[in-house]
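Q: Position one of the sequence shown corresponds to residue 2 (the working numbering), numbered consecutively onward.
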Amino acid sequence: MKKFLLPIFLIIISSTAFRYLNSTVTRSAITFKTKNLGIGVSGTIGGLQANVHFNPADLATSTIEASVDAATINTDNSSRDEHLHGEDFFDVSHYPKITLKSVSIRRRGGNNYTGQFNLTIKNRTRLVEIPFTASQAGTTTTFKGSFKLNRLDYGVGSSSLVLSDEVTVNIDAEVKD
2 MKKFLLPIFL IIISSTAFRY LNSTVTRSAI TFKTKNLGIG VSGTIGGLQA
52 NVHFNPADLA TSTIEASVDA ATINTDNSSR DEHLHGEDFF DVSHYPKITL
102 KSVSIRRRGG NNYTGQFNLT IKNRTRLVEI PFTASQAGTT TTFKGSFKLN
152 RLDYGVGSSS LVLSDEVTVN IDAEVKD
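1. Between valine 104 and leucine 60, what straight-line distance do the alpha-carbon atoms span, to the nearest angstrom?
2. In its own chain, which residues sit with a C-beta less than 6 Å from the C-beta of asparagine 112, not counting the 5 before and 5 after it?
3. Alpha carbon to alpha carbon, what distance is there between leucine 153 and histidine 95?
4. Could you have a look at aspartate 70 and say whether DSSP puts it in helix, strand or coil?
5. So, with DSSP's three-state summary, where would you put alanine 30?
6. For tyrosine 96, name the three-state secondary structure that DSSP assigns.
7. With DSSP run on the structure shown, which of helix, strand or coil describes isoleucine 13?
This is how it looks when you write it as structure tokens:
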């Protein structure tokens, strides 16, 4: 059940929805969902920090770098959370941050984008594709995205007949320049 925490770090990847260099994250909600014994298990992750330079008119020079604090993984079950923080899963004492760094961003149409990001969890980096929207209102940009990942690609937990390998991560963040 604790293995489903991997989606939390995926949420970090969601932080790719930020806007300008040296921007301030004013609000963020990173959630994850997986299945344990066929039952949906969800949680959150916090501590989002981001350095965003997002310009829809110049995507070639746009960049997004973000991190989350792995120790903030929360499933509303303290026993499970403690296990997730341990070395079998996120090993937060050795790997306190989950990071995401853009490789490329392309427009899909309107305010819809797809980003290629290097996601690093437990010192394992994999390229992930994250579709997201970016909506601007004044000096605030709201980013929303969702993606799936395989927790085993990052050494989060081990193979299990009861815990799903797939984790869905949802990101909703506001950035102010």
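Just so you know, even glycine gets a beta-carbon here, dropped at the ideal spot from N, CA and C.
A: Working from what's here:
1. Taking the straight line from one Cα to the other gives about 11 Å.
2. Thr134, Ala135 and Ser136
3. 18 Å
4. strand
5. strand
6. In the displayed model, tyrosine 96 falls within coil according to three-state DSSP, outside both helix and strand.
7. Model confidence at isoleucine 13 stands at a pLDDT of 38, short of 50, so the residue's coordinates are unreliable; what they give is reported in the following sentence. Correct three-state label for isoleucine 13: helix.
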